[in-house]
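Residue numbering for the first sequence follows my numbering, starting at 27 and increasing by one per position. Beta carbons: idealized from backbone N, C-alpha and C, even for Gly. Here's the structure, in structure tokens; my notes come after.
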Amino acid sequence: MTKKKVVVGISGGVDSSVAAYLLKQQGYDVIGLFMINWHDTEGTLSGDCPWNDDLIFAELVARKLEIPFHTVDFSEQYRKRVVDYMFSEYEKGRTPNPDVLCNREVKFDLFLDAAMKMDADYIATGHYCMKEMITDENGKEIYRLMAGADKNKDQSYFLCQLSQKQLEKALFPIGHLQKPEVRQIADENGLATAQRKDSQGICFVGKVDLPVFLQQKLKSKEGAIVEIPDDLALYKTNEATQVDHEALKLLSTPYLYKAVDGVVVGKHNGAQFFTIGQRKGLNVGGKAKPLFVIATDTESNIIYVGQGDDHPGLNRKALFIKKDDIHWIRGDKAIQTGEVLHCQVRIRYRQPLQKATLYMFDEGMYIYFDKLQRGITPGQFAAWYVDEELMGSGVIQS
RNA sequence: UGACCUAUGGUGUAAUGGUAGCACAGCAGAUUUUGGUUCUGUUAGUCCAGGUUCGAAUCCUAGUAGGUCAA
Numbered sequence: 027m028t029k030k031k032v033v034v035g036i037s038g039g040v041d042s043s044v045a046a047y048l049l050k051q052q053g054y055d056v057i058g059l060f061m062i063n064w065h066d067t068e069g070t071l072s073g074d075c076p077w078n079d080d081l082i083f084a085e086l087v088a089r090k091l092e093i094p095f096h097t098v099d100f101s102e103q104y105r106k107r108v109v110d111y112m113f114s115e116y117e118k119g120r121t122p123n124p125d126v127l128c129n130r131e132v133k134f135d136l137f138l139d140a141a142m143k144m145d146a147d148y149i150a151t152g153h154y155c156m157k158e159m160i161t162d163e164n165g166k167e168i169y170r171l172m173a174g175a176d177k178n179k180d181q182s183y184f185l186c187q188l189s190q191k192q193l194e195k196a197l198f199p200i201g202h203l204q205k206p207e208v209r210q211i212a213d214e215n216g217l218a219t220a221q222r223k224d225s226q227g228i229c230f231v232g233k234v235d236l237p238v239f240l241q242q243k244l245k246s247k248e249g250a251i252v253e254i255p256d257d258l259a260l261y262k263t264n265e266a267t268q269v270d271h272e273a274l275k276l277l278s279t280p281y282l283y284k285a286v287d288g289v290v291v292g293k294h295n296g297a298q299f300f301t302i303g304q305r306k307g308l309n310v311g312g313k314a315k316p317l318f319v320i321a322t323d324t325e326s327n328i329i330y331v332g333q334g335d336d337h338p339g340l341n342r343k344a345l346f347i348k349k350d351d352i353h354w355i356r357g358d359k360a361i362q363t364g365e366v367l368h369c370q371v372r373i374r375y376r377q378p379l380q381k382a383t384l385y386m387f388d389e390g391m392y393i394y395f396d397k398l399q400r401g402i403t404p405g406q407f408a409a410w411y412v413d414e415e416l417m418g419s420g421v422i423q424s
């Protein structure tokens with residue numbers, strides 16, 4: 027009877043601590059592995075060494091659980107695969123999601139490889155999501171990525187870019203638990219991390235002042251903030267009587283504003299530092315309703331804003347994902363050109379799932395929502411679910 | 001240049017002579033393993049100088065600044 031070997035990514039937080047604990051309870055041969063992915067403290071808010079405390083807590087937990095503990099340094103690859111991507115996306119005026127990439131490229135790639143080299147059967151993380159396995163008619167195993175049982179903490183979204191191969195090796199020991207239960211388990215078992223605050227901000231980098239962080243690489247440059255009235259003639263094209271290919275193209279095309287469409291209400295120091303839907307940081311007051319960014323133009327360095335969260339420029343019913351950017355976790359359920367899929371979609375972390383229909387065409391996929399969606403942002407991931415299962419995802423093109 | 005109007009936090013605006021309030025912006029905290037959103041709290045103001053009055057953002061006079069009409 028050989029025990030199955032699992033390498034747990036121990037981060038120094040409660041979730042991964044309890045994940046390791048539970049695996050040990052379940053009789054696995056557990057190894058703790060701590061990742062160091064970031065050394066710089068430039069631009070971080072907390073200042074000194076963000077991961078130093080994490081390492082100490084991770085070690086404490088490993089000792090308490092009496093499991094072997096190691097560290098690995100992926101910082102070079104993390105920079106290449108996550109941080110560089112971040113900068114390049116922001117430079118293009120898009121808004122990336124580094125943490126989705128971090129999972130695909132680091133935790134479930136580099137880390138997975140490292141674990142396999144240690145002869146592990148599985149890797150495990152403290153994500154709030156669940157894995158299920160089914161077999162198709164040929165007896166082939168298919169893995170399903172399910173939302174976490176704690177609807178408030180569900181982190182399946184961050185894993186929306188995983189493949190079957192990655193999922194095959196993954197275990198999510200706390201996915202069936204509620205957050206308070208996790209804390210309670212940690213507490214009852216004397217894990218030092220029981221009361222530690224949940225982590226926030228870009229994982230591994232920490233909580234940063236984004237504009238300051240980005241200014242390490244991206245130049246700031248003064249430009250105009252232009253307010254677009256809510257009755258622009260452009261918006262009349264928003265109506266669609268039926269949902270066909272042409273209508274989907276139209277509905278998912280962002281409005282192309284010009285400076286003359288509105289009035290200058292202020293100035294900013296770089297359009298790349300702002301994202302669609304953003305309210306704070308514009309420094310423009312005196313309006314009856316708050317201003318939201320409805321578009322950024324990094325070419326001419328103009329930020330377009332609209333008044334109120336119901337501004338027609340901020341809300342759209344459809345978005346588009348390029349063919350190459352479509353990723354299916356459930357490849358066996360992928361739809362082909364001409365097919366549609368009724369499902370539920372979220373376009374950002376923690377957004378309640380939205381009823382929508384996927385329409386596949388040769389050039390890519392259109393997602394048509396039942397209701398208007400606020401702040402559809404290029405660069406972010408749209409993830410589609412059927413019931414509790416994450417079926418696939420893609421980078422929003424427009 | 002003549003007549004008239006206006007002046008309130010950073011911005012836009014409320015307040016029969018009686019506690020200067022609201023919105024937006026800003027700041028802080030909460031929420032959040034992206035960006036962002038949201039929630040809560042909070043800083044900050046009567047153009048200037050006199051006068052009337054128990055009491056002036058409010059009434060009167062002069063000044064300053066901006067605007068409108070007349071030429």
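key: Cβ pair count under 8 Å reaching 3, the segment 311-319 against the segment 379-391   = Contact check between the segment 311-319 and the segment 379-391: fewer than three CB pairs, one atom from each, fall below 8 Å, which does not count as touching.
request  = Look at Gln298 and Lys313 and say whether their C-beta atoms are less than 8 Å apart.
outcome  = Here residue 298 refers to the residue found at position 272 when the first sequence is read from its first residue. Here residue 313 refers to the residue found at position 287 when the first sequence is read from its first residue. No, they are not a contact pair.
ask   = Looking at Met156 and Gly201, is the spacing between their C-beta atoms short of 8 Å?
value = Mapped onto the first sequence, residue 201 falls at position 175. Mapped onto the first sequence, residue 156 falls at position 130. Cβ distance < 8 Å, so Gly201 and Met156 count as in contact.
message = Quick check: Ser419 and His368, are their CB atoms within less than 8 Å of each other?
response = Taking the first residue of the first sequence as 1, we reach residue 419 at position 393. Taking the first residue of the first sequence as 1, we reach residue 368 at position 342. At least 8 Å separates the beta-carbon of Ser419 from that of His368.
ask   = From this set, Val286, Glu272, Glu253 and Thr324, which residue's C-alpha is nearest Lys315's C-alpha?
value = To locate residue 315, count along the first sequence from 1; it is residue 289. Here the closest residue by C-alpha is Glu253.
task = Starting from the Cα of Lys90, find the closest Cα among Lys233, Tyr116, Gly38 and Phe407 and give me that residue.
result = Looking up residue 90 in the first sequence gives position 64. Nearest in C-alpha terms to Lys90, of all of Lys233, Tyr116, Gly38 and Phe407, is Gly38.
task = Report yes if the CB atom of Asn129 is closer than 8 Å to the CB atom of Phe100, and no otherwise.
result = Along the first sequence, read from residue 1 onward, the residue named residue 129 stands at position 103. Along the first sequence, read from residue 1 onward, the residue named residue 100 stands at position 74. The answer is no: Cβ separation not under 8 Å.
key: Per DSSP, cross-strand counterpart(s) of Gly58   = In the first sequence, counting from the first residue as 1, residue 58 sits at position 32. DSSP, once it has assigned bridges, lists Val34 and Phe95 as partnering Gly58.
query = When DSSP builds the beta bridges, which residues end up paired with Ile228?
reply = Taking the first sequence and counting its residues from 1, one reaches residue 228 at position 202. DSSP lists Gly232 as partners of Ile228.
inquiry  = Does the contact criterion of 3 or more C-beta pairs under 8 Å hold for the segment 139-158 versus the segment 102-117?
reply    = no
request  = Answer yes if the segment 348-363 comes into contact with the segment 188-206, meaning at least three C-beta pairs across the two stretches below 8 Å, and no otherwise.
outcome  = Yes: at least three Cβ pairs fall under 8 Å.
key: Outcome for Arg376 when other beta-carbon atoms lying within 10 angstroms are tallied against a minimum of 16   = What you label residue 376 is simply residue 350 of the first sequence in a count that begins at 1. So Arg376 counts as exposed.
query = Considering only the beta carbon of each residue, do Phe83 and Ala218 sit closer than 8 Å?
reply = Here residue 83 refers to the residue found at position 57 of the first sequence. Here residue 218 refers to the residue found at position 192 of the first sequence. Cβ atoms of Phe83 and Ala218: closer than 8 Å.
message = I need the boundaries of the beta strand (DSSP E) containing Ala409, first residue and last residue.
response = The residue labelled residue 409 in the question sits at position 383 within the first sequence. Counting along the chain, Ala409 sits inside the beta strand (DSSP E) bounded by residues Phe407 to Val412.
ask   = Within 10 angstroms of its Cβ, does Ala285 collect 16 or more other Cβ (buried), or is it exposed?
value = In the first sequence, counting from the first residue as 1, residue 285 sits at position 259. It counts as exposed.
Beta-carbon gap between Ala344 and Val290 smaller than 8 Å = By one-based count along the first sequence, residue 344 stands at place 318. By one-based count along the first sequence, residue 290 stands at place 264. Against a cut-off of 8 Å, the Cβ pair of Val290 and Ala344 comes out as no contact.
task = With DSSP collapsed to three states, give me the class of Asp336.
result = Stepping through the first sequence from its first residue, residue 336 is reached at position 310. In this structure, Asp336 counts as coil in the three-state DSSP scheme.
ask   = Skipping 5 residues on each side, what residues in its chain have a beta carbon closer than 6 Å to that of Phe395?
value = Counting from one through the first sequence, the residue named residue 395 turns up at place 369. Closer than 6 Å at the Cβ level, and outside the excluded window around Phe395, lie Lys343, Gln380 and Ala382.
Option in Val371, Thr151 and Ala196 with minimal Cα separation from Leu416 = The residue labelled residue 416 in the question sits at position 390 within the first sequence. The shortest Cα separation from Leu416 among Val371, Thr151 and Ala196 belongs to Val371.
message = Run through the DSSP bridge pairs and tell me what Ser419 is partnered with.
response = Position 393 of the first sequence holds residue 419. DSSP, once it has assigned bridges, lists His353 and Ala409 as partnering Ser419.
inquiry  = Beta-carbon within less than 8 Å of Lys29's beta-carbon, same chain only, minus the 5 sequence neighbours each way: which residues are those?
reply    = One-based indexing of the first sequence puts residue 29 at position 3. For Lys29, where only same-chain residues beyond five positions count, the Cβ hits under 8 Å are Gly53, Tyr54 and Asp55.
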